[in-house]
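Enquirer:
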Amino acid sequence: MILVTGGAGFIGSNFVLDWLAHGDEPTINVDKLTYAGNLNNLMSLRNDDRHIFVYTDICDTEQMLSLLMAHKPSAIVHFAAESHVDRSIHGPAEFVRTNINGTFSLLEAARSYWSNLIGADKENFRFLHVSTDEVYGSLGPNDAPFSEVTSYAPNSPYSASKAASDHLVRSYHHTYGLPTLTTNCSNNYGPYHFPEKLIPLVIANALAGKALPIYGDGQQIRDWLYVGDHCAAIRRVLADGRPGETYNIGGWNEKANLDVVHTLCDILDELRPLAAGNSYRQQITYVTDRPGHDRRYAIDARKIERELGWKPAETFNTGIKKTVQWYLDNQEWVRDVQSGDYTKWLEKNYSQREMSADKKHQGVA
Ligand code: NAD
Ligand code: DAU
């Protein structure tokens, strides 16, 4: 069996579903169920004995160690984190607690467990740390994409906390020999993406007739990867990645935010047309930029392709259409996660931002 942390979140739940769809190795899923954790994502596994859910905090080293001793997993796949950049700007403390201290606790539990293993169990054990391209900072328009040897230059409390966790993982391999693997991935999108993030937020707001908030000029670039491709990449790294190595994972899909939002509006115009030939593009609204906003991310994913034979199966066009369709088909899931604290977050993040009148509605042809 493998132990997954944060398996009730966006990527973690996609991974658990994907893992169990590709084999029979059971999963023990450890999650604290923060606002971002949602057991509805795993509803299809409710009668599946291969999935064991444990409600706990990765910061609890003793509990993590006793879970490891009791279930004897062959690997830990570590997703649990605070993941939203804007939240890290409003409240960085929780990012330090979970992303840095939590990873430290987990590493301590893993080191203790692993050092008592013997033979093949010890040899084959892996600690896979799921990280982000944001640790590398921001690229200029003509810079080469981030590779595994790009220097770290994190710019937000979120990316700084992830960078710190990457360094801890690296040190546990170097110092103690713990067989670690680190993956640094670009922006994911797909089913179960929490609607605080750009793509699901824009779909939800468009359908609700609300503003589609574009930070700054909307020309910031992200390298988008369909979440199923990320899950496949993690499976490849876990199977054949070399301990101590890092692997960059990306979609070769650099897009400016405004282009992404235009694409979403165009797909919605086709699938859920508005009355009288109106376009969802009319809801585009420019708002005050995110402080310290990174201008461009791009991943050089040649190492994982060369060494492990992974490349993305989806293009942005195929992945984004599937994603919009998934949100249209799963409005109840969206309504559920929008209850409670979600409304307070929208108020906190957007009410103080000024709308820039000159650019408002510029998206309309
Ligand atoms: P998410 O916010 O959707 O999910 C995080 C999960 O971790 C939630 O289920 C939450 O309940 C759980 N969690 C948080 N704190 C915890 C704690 N202390 N103990 C146990 N569980 C806890 O995040 P995501 O977008 O699915 O990202 C998963 C991982 O992938 C993160 O480590 C993130 O840094 C990384 N990553 C994300 C992206 C992306 O585009 N979303 C890209 C690259 C890397
Ligand atoms: O690059 C990987 C990272 O991608 C992950 O490590 C993070 O966990 C994940 O949240 C994501 O970070 P971003 O900050 O890039 O994602 P987000 O969806 O928040 O924003 C994408 C871009 O859209 C970014 O340039 C900010 C912009 N944006 C976002 C929101 C929420 C807007 O213009 N308006 C918005 O309302």
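Counting in my numbering, the sequence shown runs from 1392 upward without gaps. For every residue, glycine included, the Cβ atom is placed at its ideal position computed from N, Cα and C. All values derive from a computational prediction rather than experimental measurement.
1) Quick check on DSSP: helix, strand or coil for residue 1734?
2) Three Cβ pairs or more, each shorter than 8 Å: is that satisfied between the region 1618-1625 and the region 1691-1705?
3) Less than 8 Å between the CB of residue 1477 and some heavy atom of the ligand DAU, yes or no?
4) When the distance is taken between beta carbons, is residue 1677 closer than 9 Å to residue 1586?
5) Between which two residues does the alpha helix (DSSP H) carrying residue 1461 extend?
6) So, with DSSP's three-state summary, where would you put residue 1509?
7) Counting only runs that start and end within the region 1660-1729, where is the beta strand (DSSP E) found for 3 or more residues in a row?
8) Would the beta-carbon of residue 1575 fall within 9 Å of that of residue 1605?
9) When you compare the CB positions of residue 1687 and residue 1562, do they come within less than 9 Å of one another, or not?
10) Who pairs with residue 1576 in a beta bridge, going by DSSP?
11) In the structure shown, what three-state DSSP assignment does residue 1591 receive?
12) How far does the alpha helix (DSSP H) with residue 1407 in it extend, from its first residue to its last?
13) Would you call the region 1532-1541 in contact with the region 1480-1499, where contact means no fewer than 3 C-beta pairs closer than 8 Å?
14) Can you determine whether any heavy atom of the ligand DAU sits closer than 8 Å to the C-beta of residue 1674, and answer yes or no?
15) So for residue 1541, helix, strand or coil by DSSP?
16) Express the C-alpha separation of residue 1577 and residue 1406 in angstroms, rounding to a whole number.
17) My output table needs one value for residue 1467: the three-state DSSP class, helix, strand or coil.
18) Quick check: does the Cβ of residue 1427 come within less than 8 Å of any heavy atom belonging to the ligand NAD?
19) In chain order, what residues of the same chain have a beta carbon less than 6 Å from the beta carbon of residue 1492, not counting five sequence neighbours either side?
20) Could you give the distance in angstroms between the alpha-carbon of residue 1429 and the alpha-carbon of residue 1727?
21) Can you tell which of 1567, 1414, 1679, 1715 has the C-alpha that lies nearest to the C-alpha of residue 1746?
22) Mind checking whether the beta-carbon of residue 1531 lies closer than 8 Å to any heavy atom of the ligand DAU?
23) So, is the C-beta of residue 1605 closer than 9 Å to a C-beta in chain C?
24) What are the partner residues of residue 1518, as DSSP defines its beta bridges?
25) To the nearest angstrom, report how far apart residue 1480 and residue 1682 are at their CA atoms.
26) Quick one: measure Cβ to Cβ for residue 1641 and residue 1614, integer angstroms, because I've assumed they're closer than 8 Å.
27) Kindly give me the distance between the Cβ atoms of residue 1470 and residue 1414, rounded to whole angstroms, as I take these residues to be in contact under 8 Å.
28) Take the Cβ of residue 1546 as the centre, count every other Cβ of all protein chains shown within 10 Å, and call the residue buried at 16 or more, exposed below.
Expert: Looking at the atomic coordinates:
1) For residue 1734, the three-state secondary structure derived from DSSP is helix.
2) Yes, the region 1618-1625 touches the region 1691-1705.
3) yes
4) no
5) If you look at residue 1461, you'll find it in the alpha helix (DSSP H) that goes 1452-1462.
6) coil
7) 1675-1678
8) 9 Å or more divides the Cβ of residue 1575 from the Cβ of residue 1605.
9) no
10) 1523, 1640
11) helix
12) Unbroken alpha helix (DSSP H) run through residue 1407: 1401-1412.
13) no
14) no
15) coil
16) 16 Å
17) strand
18) yes
19) 1450
20) 10 Å
21) 1679
22) no
23) Judged by its chain identifiers, the structure shown contains no chain C, having just a single protein chain.
24) In DSSP, residue 1518 forms a bridge with 1467, 1571.
25) Rounded to the nearest angstrom, the two C-alpha atoms are 8 Å apart.
26) 5 Å between Cβ atoms; contact.
27) That pair is no contact at about 18 Å.
28) buried
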